[in-house]
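A.B. asks:
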Amino acid sequence: MIRPAGVGDVPAIAAIEAACFGTSAWSEGLVTDEVSSERHVVLVTDDLTAYGAVSLAGDVADLDRIAVLPACRGRGLARDVLTALVDRARDLGADRMLLEVAADNTAAIGLYESGGFDTISTRAGYYAGGVDALVMELTIQEWR
Ligand SMILES: CC(C)(COP(=O)(O)OP(=O)(O)OC[C@H]1O[C@@H](n2cnc3c(N)ncnc32)[C@H](O)[C@@H]1OP(=O)(O)O)[C@@H](O)C(=O)NCCC(=O)NCCS
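Position in the sequence shown (first residue = 1) + 119 = the working numbering.
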């Protein structure tokens, strides 16, 4: 079961962040801002093993985060969270979803490609260590 995150979920989401993003993890303060903002949608699984966040600006939704605790990967949780985020973004008026992903993040790129995202451009050296970013886009009207 996937549901909107509340302030009470912040410690668990910050723990997912720490487990998945290391030194780039969002702090509890940043997670609190995201959960409390009307411009953002943050969804969690009931068991607090996975979460995702998008920000909304007009008809565009940006996928900010999607993460699954390492021990719980490979079970379709990220696909379920992504599906729920896209559905919610569409309900709120988004026509397309954009994201940036490190070109060496094979798992995330596989997730996005299987979810219908296309690579529309590359940002050379965008991430620490000179890793390129892929900019990917989903046209939401064509979703499912
Ligand atoms: C990317 C991530 C969210 C995937 O979570 P997951 O729950 O394991 O993914 P799912 O089980 O839902 O997989 C859905 C699809 O993604 C793709 N995928 C997932 N893991 C993959 C891997 N290691 N290699 C290639 N493709 C992969 C597959 O297409 C998969 O579909 P399939 O199982 O039918 O082949 C997870 O690896 C993670 O949390 N990584 C660290 C955080 C991160 O990098 N987030 C993205 C940037 S914000």
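Glycine included, C-beta positions come from ideal geometry on N, C-alpha and C.
Can you list, in chain order, every residue whose CB sits closer than 6 Å to a heavy atom of ligand 1?
C.D. replies: Every residue passing the under-6 Å Cβ criterion appears here: Cys-139, Arg-184, Ile-185, Ala-186, Val-187, Arg-192, Gly-193, Arg-194, Gly-195, Leu-196, Ala-197, Arg-198, Val-220, Asn-224, Thr-225, Ala-226, Ala-227, Gly-229, Leu-230 and Ser-233.
A.B. asks: Quick check: the stretch 158 to 170 against the stretch 229 to 243, are there 3 or more CB pairs under 8 Å?
C.D. replies: Flag = no, the stretch 158 to 170 and the stretch 229 to 243 do not touch.
A.B. asks: Taking the alpha carbon of Ile-121 as the point to measure from, which residue in Ser-146, Thr-168, Cys-191 and Arg-184 has its own alpha carbon closest?
C.D. replies: Position 2 of the sequence shown holds residue 121. If we check each option's Cα against that of Ile-121, Thr-168 comes out closest.
A.B. asks: For the beta strand (DSSP E) containing Ser-289, list its first residue and its last residue.
C.D. replies: In the structure displayed, the chain extends from 120 to 263; residue 289 sits before or after that span and is not available.
A.B. asks: Please go through the same chain and pick out, in chain order, the residues whose beta-carbon is closer than 6 Å to the beta-carbon of Val-254, but skip the five residues on each side of it.
C.D. replies: Taking the first residue of the sequence shown as position 1, residue 254 is located at position 135. Closer than 6 Å at Cβ, skipping near neighbours: Glu-219, Ile-239 and Ser-240.
A.B. asks: Are there three or more Cβ pairs, one per stretch, closer than 8 Å when the stretch 126 to 136 is compared with the stretch 168 to 179?
C.D. replies: Enough Cβ pairs lie closer than 8 Å, so yes.
A.B. asks: With DSSP run on the structure shown, which of helix, strand or coil describes Leu-196?
C.D. replies: For the purposes of this step, residue 196 is taken as residue 77 along the sequence shown, with counting starting at 1. Reduced to three states, the DSSP call for Leu-196 is helix.
A.B. asks: So, using beta-carbon positions, are Leu-257 and Val-205 closer together than 8 Å?
C.D. replies: Translated into the one-based positions of the sequence shown, residue 257 becomes position 138. Translated into the one-based positions of the sequence shown, residue 205 becomes position 86. Result yes, Cβ atoms of Leu-257 and Val-205 sit closer than 8 Å.
A.B. asks: Distance check for Ser-174 and Tyr-231, CA to CA, integer angstroms please.
C.D. replies: For the purposes of this step, residue 231 is taken as the residue at position 112 of the sequence shown. For the purposes of this step, residue 174 is taken as the residue at position 55 of the sequence shown. The straight-line gap from Cα to Cα measures roughly 17 Å.
A.B. asks: Could you tell me how far apart the beta carbons of Ser-155 and Val-179 are, in whole angstroms, since I believe they sit closer than 8 Å?
C.D. replies: Here residue 155 refers to the residue found at position 36 of the sequence shown. Here residue 179 refers to the residue found at position 60 of the sequence shown. At roughly 21 Å, the Cβ-Cβ gap does not stay under 8 Å, so Ser-155 and Val-179 are not in contact.
A.B. asks: State yes or no: is the C-beta of Ala-252 within less than 8 Å of the C-beta of Ala-221?
C.D. replies: Counting from 1 along the sequence shown, the entry for residue 252 is found at position 133. Counting from 1 along the sequence shown, the entry for residue 221 is found at position 102. Yes, Cβ-Cβ distance for Ala-252 and Ala-221 is below 8 Å.
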